[in-house]
Amino acid sequence: MRGSKWRCGEPLAPELPTYGGPGTCPVFETDGSIIITETDHGPREFTVVVPSDLQDDEILPLIFMYHWLGGDAIDFKDRAEAQIAADYYRIMAIIPEGRTSDQGVPFRWPFSIIDTPDLFEEEFAFHDDLLACAAEQFNVDKECVSAMGVSAGAMFSAQLAGRHGDHLASFISLSGGVGGDLVQGWTPATNHMPALVLWGGPDDFCLGVDFHEGSMSLESSLAADGHFTMECVHNCTHATPPFDPSDPSLPTYAVTWEFFLDHPYWLEDGESPYLQYPTGQLPPAWPEWCAIGAGNASIRVGECGGSEC
């Protein structure tokens, strides 16, 4: 679907970064395979998703997708139905693979209190290089670059947004958060981008991390900084969000893709097109367990498949 509804706006975002890694950019194959590239800190892997019938002159909003601790890039691509979303919304997704303990890191992504500043900077550099290489090979809409993560990937996405998010138009945290005994706190961002914060209710707990408290802490920090925030709270604990669009033509995770596309960089701080809806109403794709602002969502009621921790 190629609707002007999802086109992004006037160019105000900073210029995209230039490639700073060794050699030249890797070729971004779009056949669903894993791409291996060298960095200054060892080999890294990622995969790329674009519309199946991509046109030469097509301008692509871009979203980075950061997987959960026990997952990988292909898992996230498949679980999120990223190819279906790319074809429907005409977007590009870059899905990096987290590092492993063999590469000298405590977790797949840096988010914890034991992750050193150098580990954060190495991950930010990889992010920047992927963004630079995407722009070198595709028509990337720099006004519509976002990051979305799940669990450990969501906790990293919050760190990316706060510490290194000057080019991000928005970010999406799915069972993530900040603070607590293990996870680093929020770093106030200079770019007050909109955020979607979703989690699985008061029992969203996994591997010593309280994602309920972490998500609420993230929301509180965002509110204090003047970020527009969408809140979604389901009742399925640490599990795949139970989205079930009423319109069967929509991708399963339409809420995430549409949030990303509805919030381009040029929006003023705290602004959102969703604020134009009557109080209590949202665009059609959104379920009743989502609302504007921290503490405003009513937790979902219904059956679940159980925790995936």
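Counting in this note's numbering, the sequence shown runs from 242 upward without gaps.
Idealized CB from N, CA, C, for every residue including glycine.
Is there contact here, the segment 445–455 with the segment 484–501, by at least three beta-carbon pairs under 8 Å? no
Given a threshold of 16 other Cβ atoms within 10 Å of its Cβ, counted over all protein chains shown, does Thr-259 qualify as buried or as exposed? exposed
Among His-479, Asp-343 and Ser-513, which one has its Cα closest to the Cα of His-468? Comparing Cα positions, the closest option is Ser-513.
Residue range of the unbroken beta strand (DSSP E) whose run includes Pro-302: 301–307
Per-residue DSSP class, three states only, for Phe-452: For Phe-452, the three-state secondary structure derived from DSSP is helix.
Same chain, Cβ closer than 8 Å to Ser-458, five either side skipped, listed in chain order: Gly-418, Val-419, Gly-420, Gly-421, Gly-426 and Trp-427
Would the segment 463–477 and the segment 311–326 be scored as touching if the rule is three or more Cβ pairs under 8 Å? no
The alpha helix (DSSP H) with Val-496 in it runs from where to where? 495–503
So, for Ala-464: in the same chain, excluding its five sequence neighbours on each side, which residues have a beta-carbon less than 8 Å away from its beta-carbon? Thr-470, Gly-534 and Ala-535
Please classify Gln-400 as buried or exposed, where buried requires at least 16 other C-beta atoms within 10 Å of its C-beta. buried
Classify Leu-360 as buried or exposed, calling it buried when 16 or more other Cβ atoms lie within 10 Å of its own Cβ. Leu-360 comes out buried.
My guess is that Ser-398 and Phe-452 are in contact by the Cβ rule of under 8 Å, so how many angstroms apart are they, rounded? Ser-398 to Phe-452, Cβ: 13 Å. No contact.
Under three-state DSSP, which class holds Trp-247? In this prediction, Trp-247 scores a pLDDT of 46, lower than 50, which makes its location untrustworthy; no coordinate-derived value is stated.
Phe-352 and Ala-393 closer than 8 Å at C-beta: yes
Could you check what DSSP says for Cys-447 in three-state terms: helix, strand or coil? strand
To the nearest angstrom, how far is the alpha carbon of Ser-245 from that of Glu-270? Low per-residue confidence applies at Ser-245: pLDDT is 39, beneath 50, and the placement is therefore not dependable, though the value from the model is reported in the following sentence. One C-alpha to the other measures close to 27 Å.
Have a look at the DSSP bridge pairing and note the partners of Ser-387. Ile-304 and Ser-411
Which whole runs of the beta strand (DSSP E) in the segment 498–550 are 3 residues long or more, in chain order? 531–533
Excluding sequence positions up to five away, which residues of its chain have a Cβ less than 8 Å from the Cβ of Asp-294? Asp-328
Helix, strand or coil for Pro-358? Go by DSSP, reduced to three states. helix
Is Cys-385 closer than 8 Å to Pro-492 when the C-beta atoms are compared? no
So what does DSSP say about Ala-334, is it helix, strand or coil? Strand.
Distance check for Thr-265 and Glu-454, CA to CA, integer angstroms please. 43 Å
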